[in-house]
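In case it helps, this note's numbering puts the sequence shown at residues 1 to 286. Backbone N, C-alpha and C define an ideal beta-carbon position, used for all residues, glycine too.
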Amino acid sequence: MNSIFEKDFWLDQWHGDKREDTYNVHRGFSTVAYWDQAAPTYNKVRDEKHSRKLEKTLALFKQKGLLFKGMTVLDIGCGTGYLATEFARHGARVTAIDFSKGMLHRFRRELPSELEGQVDIIHRDWNELDITGLGWEKRFDLVIAFMSPAVSTPASFFKMISLSRDGCAMRGWSARRQNPVLEALWQKIMKRPLADKPQSILYKINLLFSMGTFPDIMFDTIEWDQTVGFEDELNSQLAFFEKVSDLSSKALESVIRQYLESIAVEGKIIRKHKGTTATAVWNIEP
């Protein structure tokens, strides 16, 4: 048996996640259809607490020498471009990729015109990207993947690291998140309680430790409410469960619609979220 100090131990642990509900939840959240449906309301909550978290994150990048004018940044799974835009504001040249046209449509629409020349927005699937053909090895000063389902396997993780000259950063769920709507639907559709332990970022962090790399890590507990239109929520949940359930689309829609009708308030669904994220930032040794 490999020891916890060895790379192979953490690779085995990571691969073992495929036997758990966590892996199925990841599969549900890793479809283009889900993110296209989520795009209109994604990352709309930007309150004072959110701003403080962003300031703390940027301060950590600066402390690690990974925030400076003229730097090159690759944002994997950029979504609506919130973080990519912040790097551009600080003078970075950003390459932002995502597989969701819906997310990138919002990104392009909301990107300030004065930053358009600093951001390249690319509609591609990270896992299908030919980095050798693109000449991207060691091309970027910083490579980031925040809350991104794209970097979900050891191969995609090492691929991410291979593109950076100076440093990498990632953020993901580090403990079970609370999502009452998803949990209730999981019980109804999968016929069992949801046992989601989304801690693959902890495998990544420990994998780095086993390789002699010691990232700076910060944990944040986040909690927010999100109001979503009934049909938008129906379509998002349908896209999710079509990936993880054996039921037909028609049967899924019936179950999901019935449940959402029972909790809707004036035609809206109020999602309540709570969870803990881990952010890891590390330098690449020459």
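Going by CA-CA distance only, name the one from K243, F68 and R93 that's closest to L74. What you label residue 74 is simply residue 74 of the sequence shown in a count that begins at 1. The option with the nearest alpha carbon to L74 is R93.
Are the segment 69-83 and the segment 146-155 touching, with three or more C-beta to C-beta distances below 8 Å? yes
Helix, strand or coil, according to DSSP, for K191 in the structure here? By 1-based counting over the sequence shown, the position of residue 191 is 191. Reduced to three states, the DSSP call for K191 is coil.
Enumerate, from N- to C-terminal direction, the unbroken beta strand (DSSP E) stretches of 3 or more residues contained entirely within the segment 124-206. 140-146 and 164-173
According to the Cβ coordinates, are R124 and A280 closer than 9 Å? Start at 1 with the first residue of the sequence shown, and residue 124 comes out as number 124. Start at 1 with the first residue of the sequence shown, and residue 280 comes out as number 280. Contact flag unset, no.
Do the segment 62-72 and the segment 162-171 touch if we need at least three Cβ pairs shorter than 8 Å? yes
Quick check on DSSP: helix, strand or coil for G267? For the purposes of this step, residue 267 is identified with residue 267 of the sequence shown, where counting begins at 1. G267: coil per DSSP, three-state reduction.
What residues in its chain sit with their C-beta under 6 Å from that of F99, if we drop five residues either side in the sequence? For the purposes of this step, residue 99 is taken as the residue at position 99 of the sequence shown. Within the same chain, F99 has close Cβ partners V32 and D125.
Mind checking whether T276 and S162 have CB atoms under 9 Å apart? Numbered from its first residue, the sequence shown carries residue 276 at position 276. Numbered from its first residue, the sequence shown carries residue 162 at position 162. Result no, Cβ atoms of T276 and S162 do not sit closer than 9 Å.
Whole-angstrom Cβ separation of R271 and V181, contact assumed at under 8 Å? For the purposes of this step, residue 271 is taken as residue 271 along the sequence shown, with counting starting at 1. For the purposes of this step, residue 181 is taken as residue 181 along the sequence shown, with counting starting at 1. Contact holds; Cβ gap of about 6 Å.
Nearest to P193 by alpha carbon, out of S200, E183 and F230? Within the sequence shown, the letter at position 193 stands for residue 193. Considering only alpha carbons, the answer is E183.
Could you give the distance in angstroms between the alpha-carbon of T153 and the alpha-carbon of P40? As a first step, residue 153 must be located in the sequence shown, where it is residue number 153. As a first step, residue 40 must be located in the sequence shown, where it is residue number 40. Answer to the nearest angstrom: the Cα atoms are 28 Å apart.
Tell me, please, which residues DSSP counts as bridged to H273. Along the sequence shown, one-based indexing puts residue 273 at 273. Answer is W224, bridged to H273.
Give me the residue from F209, I76, G77 and R108 with the minimum Cα distance to L11. Your numbering for residue 11 matches position 11 in the sequence shown. Cα-wise, what sits closest to L11 is F209.
Straight-line Cα distance separating M190 from A88: By one-based count along the sequence shown, residue 88 stands at place 88. By one-based count along the sequence shown, residue 190 stands at place 190. Spanning the two alpha carbons is a distance of roughly 43 Å.
Does at least one heavy atom of the ligand COA sit under 8 Å from the Cβ of R271? As presented, the structure is devoid of all ligands, the ligand COA included, so that no description of it is given.
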